[in-house]
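Asks: Numbering (my numbering), first residue to last: 17 to 394.
Think of the CB as a built atom: it goes at the ideal place given N, C-alpha and C, for glycine as much as any other residue.
(1) Note down the Cα distance separating residue 332 from residue 289, rounded to an integer number of angstroms.
(2) If we ignore side chains and look at the alpha-carbon of each, how far apart do residue 220 and residue 80 end up?
(3) Mind checking who residue 232 pairs with in its DSSP beta bridge?
(4) Quick one, are the C-beta atoms of residue 349 and residue 387 less than 8 Å apart?
(5) With the cut-off set at 8 Å, would you say residue 180 and residue 254 are in Cβ contact?
(6) At the level of alpha carbons, what is the spacing between residue 390 and residue 189?
(7) Helix, strand or coil for residue 333? Go by DSSP, reduced to three states.
(8) For residue 204, which of 335, 369, 325 has the nearest alpha-carbon?
(9) With a threshold of 16 other CB atoms inside 10 Å of the CB of residue 232, please say whether the residue is buried or exposed.
(10) Please go through the same chain and pick out, in chain order, the residues whose beta-carbon is closer than 8 Å to the beta-carbon of residue 137, but skip the five residues on each side of it.
(11) Would you say residue 118 and residue 336 are within 8 Å of each other, going by their C-beta atoms?
(12) With a CB to CB cut of under 6 Å and the five nearest residues on each side skipped, what residues in its chain are close to residue 298?
(13) Use the C-beta contact count for residue 330: other C-beta atoms within 10 angstroms, 16 or more gives buried, fewer gives exposed.
(14) DSSP three-state label for residue 184, please.
(15) Is residue 187 buried or exposed, if buried means 16 or more other CB atoms sit within 10 Å of its CB?
(16) Give the secondary structure of residue 240 by DSSP, where H, G and I count as helix, E and B as strand, and everything else as coil.
(17) Whole angstroms is fine: what's the gap from residue 162's alpha carbon to residue 63's?
(18) Following the continuous beta strand (DSSP E) through residue 98, name the residue where it begins and the one where it ends.
(19) Would you check if the distance between the CB atom of residue 285 and the CB atom of residue 267 is smaller than 8 Å?
(20) Looking only at C-alpha atoms, which of 283, 144, 356 sits nearest to residue 306?
(21) Check the C-beta distance from residue 99 over to residue 145 and give it rounded, since I have them as a contact under 8 Å.
(22) Out of 216, 208, 217, which one is the CA nearest neighbour of residue 225?
(23) Since residue 139 sits in a beta bridge, which residues does DSSP pair it with?
(24) Alpha carbon to alpha carbon, how far is residue 263 from residue 39? Give it in angstroms, no decimals.
(25) Quick one, which of 66, 126, 359, 256 has its alpha-carbon nearest residue 302's?
(26) Taking Cβ to Cβ, would you say residue 131 is nearer than 8 Å to residue 124?
(27) Note down, one range per segment and in chain order, each alpha helix (DSSP H) of at least 4 residues found wholly within the segment 286-369.
(28) Can you have a look at residue 195 and say buried or exposed, based on whether 16 or more other CB atoms are within 10 angstroms of its CB?
(29) So residue 205 is in the beta strand (DSSP E); what residue range does that whole segment cover?
(30) Per DSSP, what kind of secondary structure is residue 71 in: helix, strand or coil?
(31) Just grab the DSSP bridge partners of residue 387 for me.
(32) From residue 377 to residue 199, what does the alpha carbon distance come to, in whole angstroms?
(33) Kindly indicate which residue of 362, 272, 327, 218 has the alpha-carbon position closest to the one of residue 243.
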């Protein structure tokens, strides 16, 4: 069993190495439009991607594809490369998807599927393991059995990339990024991509939705209507007053959870600082106008696990470890606060110490960050 697990780990490592982003960025070539076609951002990505697969513009096809994550079918461009040998799994994914939002990441023993978002583009990158004698196996039990009798170096993978421009009538999941304040001050929520975190007087709950719509001037989101605790929300750009603190917001919100109805106000957060965006740290600092002073080189450091609360930003930094470093030593957290003078550093490190917990114990937004969850609560 131990040897089987090692084989499985090595195989998955090979696939993930092919798919994982590197810290080195390479310039994206300037592609030529497909012959006879109107140029689009999605085609731009496909044309830049093609040489990495040993392909040309003529290998790119167009098809209609249903993106579950956008709850919409639309035209996409597709590129495929079959049976890539183990020794050629060295594609630098970050050269194309660094700074994008990793919207969905499904990993199964024989298959990985990743959805990336940027502005009004959606791309799907998928990889499937290919066995030398049995070919593609998606069933987990059959996969494990085949893996026991296969040298990972003898396996190959087939990859496919699909990219499409989200139609104007369809909202991008990136538009769903709001901080919501209930008319009753005891309730608020965070809306991010495909879920919202609802906080009531005595509870905190996460709701996930799979349907998004643009209805007139409103953005709506909802789950399966047959769900007993069906929920639906609507956000409309209209001046809103929370009624409690005389605070003014740009959006008004209506929310239904089961038989309960709520009203509130909302502000849209910076779409760049959305959760699940990953990339090179220097690019993020350039985007938000922050001058970093610390021991890490932003050009050689990546960011991930973004969190935002009000005027606060938290993220994880990772870098390539030296040979003497343990895994736990090649990452750290950074917490920033935005002021009238710009961004300032509140904390940087790996583990929160008691003194830092005490310093921010009365700041609910800071304490709500995941890195502060180890702090004792009053």
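Replies: Well, looking at it:
(1) Position 316 of the chain shown, counted from the start, is the residue given in the question as residue 332. Position 273 of the chain shown, counted from the start, is the residue given in the question as residue 289. Looking at the two C-alpha atoms, the distance is approximately 13 Å.
(2) Here residue 220 refers to the residue found at position 204 of the chain shown. Here residue 80 refers to the residue found at position 64 of the chain shown. If I take the Cα positions, the gap works out to 40 Å.
(3) Numbered from its first residue, the chain shown carries residue 232 at position 216. DSSP, once it has assigned bridges, lists no residue as partnering residue 232.
(4) By 1-based counting over the chain shown, the position of residue 349 is 333. By 1-based counting over the chain shown, the position of residue 387 is 371. Yes; because the gap between Cβ atoms is below 8 Å, this pair is in contact.
(5) Residue mapping note: residue 180 aligns to position 164 of the chain shown, counting from 1. Residue mapping note: residue 254 aligns to position 238 of the chain shown, counting from 1. For residue 180 and residue 254, no; Cβs fall outside 8 Å.
(6) Translated into positions along the chain shown, residue 390 becomes position 374. Translated into positions along the chain shown, residue 189 becomes position 173. About 31 Å.
(7) Taking the chain shown and counting its residues from 1, one reaches residue 333 at position 317. Of the three classes helix, strand and coil, the one that applies to residue 333 here is strand, per DSSP.
(8) Here the question's residue 204 lines up with position 188 in the chain shown. Residue 325 is the option with its Cα nearest to residue 204.
(9) Counting from one through the chain shown, the residue named residue 232 turns up at place 216. Exposed: under 16 other Cβ atoms inside 10 Å.
(10) Along the chain shown, read from residue 1 onward, the residue named residue 137 stands at position 121. Closer than 8 Å at the Cβ level, and outside the excluded window around residue 137, lie 57, 58, 61, 179, 180, 181, 182.
(11) Translated into positions along the chain shown, residue 118 becomes position 102. Translated into positions along the chain shown, residue 336 becomes position 320. Against a cut-off of 8 Å, the Cβ pair of residue 336 and residue 118 comes out as no contact.
(12) Here residue 298 refers to the residue found at position 282 when the chain shown is read from its first residue. 314, 315.
(13) As a first step, residue 330 is located in the chain shown; it is residue number 314 there, counting from the start. Answer is buried; the Cβ neighbour count reaches 16.
(14) Here residue 184 refers to the residue found at position 168 when the chain shown is read from its first residue. Three-state result, residue 184: coil.
(15) The residue given as residue 187 occupies position 171 in the chain shown. So residue 187 counts as buried.
(16) As a first step, residue 240 must be located in the chain shown, where it is residue number 224. Three-state result, residue 240: coil.
(17) Position 146 of the chain shown, counted from the first residue, corresponds to residue 162. Position 47 of the chain shown, counted from the first residue, corresponds to residue 63. C-alpha separation (whole angstroms): 36 Å.
(18) For the purposes of this step, residue 98 is identified with residue 82 of the chain shown, where counting begins at 1. Its beta strand (DSSP E) spans residues 88-101.
(19) Position 269 of the chain shown, counted from the start, is the residue given in the question as residue 285. Position 251 of the chain shown, counted from the start, is the residue given in the question as residue 267. Not a contact, by the Cβ cut-off of 8 Å.
(20) Indexing the chain shown from 1 puts residue 306 at position 290. Looking at the Cα atoms, 356 is the closest of the given residues.
(21) Numbered from its first residue, the chain shown carries residue 99 at position 83. Numbered from its first residue, the chain shown carries residue 145 at position 129. With 8 Å as the limit, residue 99 and residue 145 do not qualify as a contact, their Cβ atoms being about 11 Å apart.
(22) On the chain shown, position 209 is the one that residue 225 refers to. Nearest option by C-alpha distance: 208.
(23) Within the chain shown, the letter at position 123 stands for residue 139. Per DSSP, 132, 179.
(24) To locate residue 39, count along the chain shown from 1; it is residue 23. To locate residue 263, count along the chain shown from 1; it is residue 247. Here residue 39 scores only 33 on pLDDT, less than 50, and its place in the model is too uncertain to base an answer on.
(25) Taking the chain shown and counting its residues from 1, one reaches residue 302 at position 286. Looking at the Cα atoms, 359 is the closest of the given residues.
(26) Indexing the chain shown from 1 puts residue 131 at position 115. Indexing the chain shown from 1 puts residue 124 at position 108. Result no, Cβ atoms of residue 131 and residue 124 do not sit closer than 8 Å.
(27) 297-304
(28) In the chain shown, the residue the question calls residue 195 occupies position 179. Answer is buried; the Cβ neighbour count reaches 16.
(29) Your numbering for residue 205 matches position 189 in the chain shown. Here the beta strand (DSSP E) through residue 205 covers 204-208.
(30) For the purposes of this step, residue 71 is taken as residue 55 along the chain shown, with counting starting at 1. In this structure, residue 71 counts as coil in the three-state DSSP scheme.
(31) Here residue 387 refers to the residue found at position 371 of the chain shown. DSSP, once it has assigned bridges, lists no residue as partnering residue 387.
(32) Indexing the chain shown from 1 puts residue 377 at position 361. Indexing the chain shown from 1 puts residue 199 at position 183. Those two C-alpha atoms are separated by around 26 Å.
(33) Residue numbering aside, residue 243 sits at position 227 when the chain shown is read from its first letter. Checked all of 362, 272, 327, 218; the closest Cα to residue 243 is 272.
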